[in-house]
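Below: the structure, in structure tokens.
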Amino acid sequence: MNVMELIQQNREYTVSLRREFHQYPELSWKEFRTAKRIREELDKFGISYVEVAGTGTIATLKGKKDHPIIGLRCDIDALPIQEMTNLPFRSQNDGVMHACGHDSHMAMLLTAAKVLSEHRDELECTVKFIFQPAEEAMNGALKVLESGLLDTLDTVAGMHIFPKLPAGTISVDPGPRYTSAGFMKIKIIGKSGHGAMPESAVDPIYVGAKVVDALQSIASRESNPNDTVVVSICTFHSGTLPNIIAESAELTGTVRTFNPKLQKQLPGIIERIIKGTCEAYRATYEFDYYIDIPATITDAHCSEISRRAVEHSIGEEHLIQFPGTPGGEDFSYYLERTPGVYAFVGCRTPENDCLYELHSDKFNLDEDSMLNGAAFYVQYTLEAQEEFA
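Under the numbering used here, the first residue of the sequence shown is numbered 19, with each subsequent residue one higher.
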């Protein structure tokens, strides 16, 4: 099977699908139209599927053998962002945009499903196509995995379109690809009073500011300098009028690291700092560390399989090395259970205005880069069916 040739023959299909998904983006757990279109395409290919987690879909393509079972995953949700591009296929849903490239992920995986279904007589394995909802909410993967339908996977592959890399390149490096991603809410509880008489109050804004500052000591004084640690407070809300000291302040933030051991320690470290700071300034607090997904770590063996997949389908010259980055991905939950790979697919072409970062209201991608991603899905399947036989 000449994988890239087959993928190129389906370019129009891939691009048209991506543009349709881009026009009609849907938020996490609300991907109803999106799921319907995915299932319509699977019906055309004669691939059976099961609906999971509401808007999720797991499709199964059986080749000549039941095993190995190879999982290919994409995410399907969009972001609450007002699109600011002038694309002719810009979002038709006000305040919602595929600013993270999940439109292209679906198009690439459906293209791979199409090609593999047309050549199922060449498959010595079973393929599970995983269309996962709510990646942006960071809880879609767990809901899909709770179905138990993926418990017998031998390996799993995922990817992200990646504007930090030039179009035509792909990174399948082993080890950490994304950091863990923790999220927290902090409530500082003081005592309200008149802004002109602060001595009679306990100012939660002042205490909150001290907490924000103190938390930065984690990266500089409490962790190994060789470890990536990010603690960012991203919202801070308090007060109603300029002469009233409010009773409380509410802060939210995110925490990132590649180190699994440190990931488990960070909530306790953060709460110790909050507690000590509040006690020093006569305030109390409430602390909720409500999401803490693990780091996304590519298995070394699967990275080697992926390297061969790129060489055999796209060409060795398209391989590029790229270090892990402080983003979060709930694909990490699949990789905790099953050896696999997470690829970065370059999509940056500044001359075509494809230069904005993920989550930008102007994000766009070089559509030819999707051919590389689709080809990788297919070729990884072919390489893995031999490796895990």
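We put the beta carbon where it would ideally sit given N, CA and C, even for glycine.
Below 8 Å on the Cβ atoms is my contact criterion, and I expect residue i with residue j to pass it. Report the Cβ-Cβ distance as a whole number of Å.
| i | j | result |
| --- | --- | --- |
| residue 327 | residue 401 | 5 Å |
| residue 361 | residue 129 | With 8 Å as the limit, residue 361 and residue 129 do not qualify as a contact, their Cβ atoms being about 15 Å apart. |
| residue 140 | residue 97 | At roughly 38 Å, the Cβ-Cβ gap does not stay under 8 Å, so residue 140 and residue 97 are not in contact. |
| residue 69 | residue 379 | About 32 Å; that fails the 8 Å criterion. |
| residue 175 | residue 398 | 5 Å |
| residue 207 | residue 303 | 6 Å |
Assign residue i to one of three DSSP states: helix, strand, or coil.
| i | result |
| --- | --- |
| residue 204 | strand |
| residue 336 | helix |
| residue 45 | coil |
| residue 80 | strand |
| residue 178 | strand |
| residue 372 | strand |
| residue 71 | coil |
| residue 397 | helix |
| residue 303 | strand |
| residue 267 | strand |
| residue 358 | strand |
| residue 259 | coil |
| residue 110 | coil |
| residue 88 | strand |
| residue 327 | helix |
| residue 252 | strand |
| residue 194 | strand |
| residue 115 | strand |
| residue 276 | coil |
| residue 66 | strand |
| residue 26 | helix |
| residue 143 | coil |
| residue 211 | strand |
| residue 188 | strand |
| residue 287 | helix |
| residue 183 | strand |
| residue 97 | strand |
Just mark residue i as buried or exposed, buried being the case when its beta carbon has 16 or more other beta carbons within 10 Å.
| i | result |
| --- | --- |
| residue 148 | buried |
| residue 49 | buried |
| residue 241 | buried |
| residue 238 | exposed |
| residue 151 | buried |
| residue 355 | exposed |
| residue 163 | buried |
| residue 366 | buried |
| residue 187 | buried |
| residue 235 | exposed |
| residue 281 | buried |
| residue 173 | buried |
Please list, in chain order, all residues of the same chain as residue i whose beta carbon is under 8 Å from its beta carbon, the five residues on each side excluded.
| i | result |
| --- | --- |
| residue 308 | 201, 202, 203 |
| residue 135 | 63, 64, 65, 79 |
| residue 278 | 198, 312, 313 |
| residue 28 | 129, 132, 133, 392 |
| residue 156 | 199, 201, 309, 311, 346, 348 |
| residue 329 | 337 |
| residue 373 | 181, 366, 367 |
Out of the options, point me to the one whose CA is closest to residue i's CA.
| i | options | result |
| --- | --- | --- |
| residue 37 | 383, 350, 295 | 383 |
| residue 244 | 122, 275, 93 | 275 |
| residue 405 | 282, 142, 281 | 142 |
| residue 22 | 356, 347, 333 | 333 |
| residue 338 | 304, 175, 364 | 364 |
| residue 146 | 299, 89, 84, 231 | 89 |
| residue 94 | 120, 77, 234, 112 | 120 |
| residue 346 | 60, 376, 329, 369 | 376 |
| residue 420 | 233, 281, 263, 122 | Here the chain has residues from 19 to 407 only, and residue 420 is not among them. |
| residue 325 | 181, 191, 381, 349 | 191 |
| residue 33 | 125, 106, 43, 114 | 125 |
| residue 116 | 53, 388, 173, 45 | 45 |
| residue 215 | 177, 264, 173, 320 | 264 |
| residue 84 | 292, 138, 372, 370 | 138 |
| residue 322 | 122, 193, 217, 407 | 193 |
| residue 42 | 25, 111, 168 | 111 |
Which residues in the same chain have their Cβ closer than 6 Å to the Cβ of residue i, if we skip the five residues on either side of it in sequence?
| i | result |
| --- | --- |
| residue 209 | 219, 220 |
| residue 195 | 314, 316, 342, 360 |
| residue 273 | 200, 249, 284 |
| residue 161 | 71 |
| residue 251 | 230, 269, 271 |
| residue 261 | 213 |
Is residue i near the ligand MG, in the sense that its beta carbon is under 7 Å from a heavy atom of that ligand?
| i | result |
| --- | --- |
| residue 205 | The ligand MG is absent from the structure shown, which contains no ligands of any kind. |
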